[in-house]
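A.B. asks:
Chains as they are written, first to last, in this note's numbering: chain A, 1 to 88; chain B, 89 to 542.
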């Protein structure tokens, strides 16, 4: 399970890299879907966020698109993905 | 040059902000002196083919004689549409010389004609006449996008002026009052050149109805013409301080945007007087006119020499105007033609843009948003940036909806749109305003809307 610090960093990254307005890191819910329903991000946001995550954490987005979808589903899953790819 | 009484109107006069009256003699004298300065400047700039001058002057009188002097000396005259430092700087950077009281700051980098000494001038020399040729470059207000430069031949403006003089009976008029500035095409024609031709007295721009009251009170019956805009008239009808003096007006003109039916009806009820609306754009010039009373949406009547058609599929209005050598010009409006030759306007053509390769109809987005119970009106614009996205400016209905935060409100409206539009085509940024920003022509420009997102 990813730690709280990482979650805050990821939430800030989401807001900054996607230029989101009217929302603070605290308002992003850990397990809420990032795309479509929850935060309402679209497919271009997904690309932007992918780039930002790669740049900040040096993790590789894997070739399997279903896995990537899973990894980017929520803040929690994104944090898990980042920590499992940076620690090991 | 020989001064001919046919060409050179002599009875007009200008009233300054302080109430000082400048006669036509004074106008032509100042024009002559300015023309001499320009001739000296021109000698020093020799070798260039067409010389360009930027002109911005806040008073109609000085603007007028400087414009005439520039045209007589064969300068192409660029008229910025506001006096914001950026606008003037930008215009000046493309010009050979700068003219007018607003451009003194540019004197370090450009020849500022107003700042040149008068000493070498010969006060009694040549006669000056109404210019006959040349060209003037206007900037559009940019209500549908970026401001565009529109070059007009002086002859085409004269043609339009002649049409106005024969279309409207203005023989009783002595006083011209205006709520719009003189440096847009509507203002230049209606509030500066027209009264000069008619030999009327021209007052400085008045913004408030209250400032117009004393001018009309002292005037005789049908002595006044008011050159105004929908923005002014909309406010006037909320407290019509001019209704008691309605009989002093010969015409009240409105142009620059759509005069709402509701406003026209109210004004008619208050004043028993019909506003004369002019339909046109900077690019097209005046196309048609109409008067609204208390009846249904009145039909538009074309000015002399115009012909229009409607594109079969889109109903888009296509104009052939003598001012444009009858070259077809597609307007941004939809039209329904009537057998009488008159027509009805059916609203703007749809605006379509591309967002991340997806085509989206902004008009459709706006209509859908306006169908939401909380939304009074809205404008959707394209915001260029690191990523091009859509942004919405919304005026909410007065009975404010219950929402806990701006974010929740955004979400509710986004969800409403999501029933019809793809996620990428839904505005990402939202602004809620009491009223859309308007400029001094009463228009909401794309630039002003973009500013809300800076």
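In this text, a Cβ means the ideal position worked out from N, Cα and C, and glycines have one as well.
(1) Taking C-beta pairs closer than 7 Å, name the residues in chain B that residue 110(A) reaches, listed in chain order.
(2) Does any C-beta atom of chain A lie closer than 9 Å to the C-beta of residue 128(B)?
(3) Using a C-beta cutoff of 9 Å, does residue 77(A) count as contacting chain B?
(4) For residue 364(B), count neighbouring C-beta atoms within 10 Å of its own C-beta (all shown protein chains included) and say buried if the count is 16 or more, exposed if not.
(5) Going along chain B, which residues have a C-beta under 7 Å from residue 42(A)?
(6) What is the DSSP secondary structure of residue 339(B), counted as helix, strand or coil?
(7) Check whether chain A comes within 9 Å of residue 498(B), counting only Cβ atoms and requiring the distance to be less than that.
(8) Mind checking the region 442-456 of chain B against chain A and listing, in chain order, the residues whose C-beta falls within less than 7 Å of any C-beta there?
(9) Near residue 153(B), which residues of its chain fall below 7 Å by C-beta distance, leaving aside the five closest residues on each side in sequence?
(10) For residue 517(B), report the span of its beta strand (DSSP E) as first-last.
(11) With a Cβ-Cβ cutoff of 9 Å, do residue 10(A) and residue 78(A) count as a contact?
(12) Helix, strand or coil for residue 377(B) per DSSP?
(13) Just to confirm the assignment, what range does the alpha helix (DSSP H) spanning residue 414(B) have?
(14) Taking residue 388(B) and residue 411(B) to be in contact with their CB atoms under 8 Å, please state how far apart those CB atoms are, rounded to whole angstroms.
(15) Taking Cβ positions only, does residue 89(A) come closer than 9 Å to chain B?
(16) For the 8 Å Cβ check, are there 3 or more pairs between the region 129-144 of chain B and the region 284-303 of chain B?
(17) Of all the options 511(B), 185(B), 191(B), which has the alpha carbon lying nearest to the alpha carbon of residue 174(B)?
(18) I want to verify the contact list: residues of chain A whose CB lies under 7 Å from the CB of residue 517(B), in sequence order.
(19) Please list the terminal residues of the continuous beta strand (DSSP E) segment that includes residue 39(B).
(20) Would you kindly report the start and end of the unbroken beta strand (DSSP E) that includes residue 467(B)?
(21) For the beta strand (DSSP E) that contains residue 449(B), what are its first and last residues?
(22) Within 8 Å, do at least three Cβ pairs link the region 301-309 of chain B to the region 322-341 of chain B?
(23) Three-state secondary structure (DSSP) at residue 436(B)?
(24) Compute the Euclidean distance between the alpha carbons of residue 100(B) and residue 218(B), then round it to the nearest angstrom.
(25) Going by the DSSP bridge assignment, what does residue 388(B) pair with across the sheet?
C.D. replies: Short version:
(1) Residue 110(A) lies beyond the residue range present for chain A, which begins at 1 and ends at 88; the question has no answer from this structure.
(2) By one-based count along the second chain, residue 128(B) stands at place 40. No, because no Cβ of chain A sits closer than 9 Å to the Cβ of residue 128(B).
(3) What you label residue 77(A) is simply residue 77 of the first chain in a count that begins at 1. Taking Cβ atoms only, chain B never reaches closer than 9 Å to residue 77(A), which makes this a no.
(4) The residue labelled residue 364(B) in the question sits at position 276 within the second chain. Flag for residue 364(B) reads buried.
(5) As a working note, residue 42(A) is residue 42 in the first chain. Near residue 42(A) (Cβ distances below 7 Å), the residues of chain B are 511, 512.
(6) The residue you call residue 339(B) lines up with position 251 of the second chain. Three-state DSSP puts residue 339(B) in a strand.
(7) On the second chain, residue 498(B) is found 410 positions in, with the first residue counted as 1. For residue 498(B), the answer is yes, since a Cβ of chain A falls inside 9 Å of its Cβ.
(8) 444
(9) Locating residue 153(B) in the second chain gives position 65, where the first residue counts as 1. Cβ within range, chain order: 115, 118, 119, 122.
(10) To locate residue 517(B), count along the second chain from 1; it is residue 429. Per DSSP, residue 517(B) belongs to the beta strand (DSSP E) from 517-520.
(11) Looking up residue 10(A) in the first chain gives position 10. Looking up residue 78(A) in the first chain gives position 78. A contact, by the Cβ cut-off of 9 Å.
(12) The sequence position of residue 377(B) within the second chain is 289, counting from 1. Three-state result, residue 377(B): strand.
(13) Position 326 of the second chain holds residue 414(B). Segment: none, residue 414(B) is in no alpha helix (DSSP H) and carries neither H nor E.
(14) Numbered from its first residue, the second chain carries residue 388(B) at position 300. Numbered from its first residue, the second chain carries residue 411(B) at position 323. Not a contact, Cβ separation roughly 17 Å.
(15) Nothing about residue 89(A) can be read from this structure; chain A reaches only from 1 to 88.
(16) no
(17) Taking the first residue of the second chain as position 1, residue 174(B) is located at position 86. Nearest C-alpha to residue 174(B): 191(B).
(18) On the second chain, residue 517(B) is found 429 positions in, with the first residue counted as 1. What residue 517(B) touches in chain A: 21.
(19) Only positions 89 to 542 of chain B appear in the structure, and residue 39(B) is not among them; the question remains open.
(20) Walking along the second chain from the start, residue 467(B) turns up at place 379. Taken as a continuous stretch (DSSP letters only), the beta strand (DSSP E) holding residue 467(B) covers 463-471.
(21) Here residue 449(B) corresponds to residue number 361 of the second chain, with the count starting at 1. Where residue 449(B) is concerned, the enclosing beta strand (DSSP E) stretches over 446-449.
(22) yes
(23) For the purposes of this step, residue 436(B) is taken as the residue at position 348 of the second chain. If DSSP states are grouped into helix, strand and coil, residue 436(B) belongs with the strands.
(24) Along the second chain, read from residue 1 onward, the residue named residue 100(B) stands at position 12. Along the second chain, read from residue 1 onward, the residue named residue 218(B) stands at position 130. Whole-angstrom Cα-Cα distance: 13 Å.
(25) The residue labelled residue 388(B) in the question sits at position 300 within the second chain. Partner(s): 431(B).
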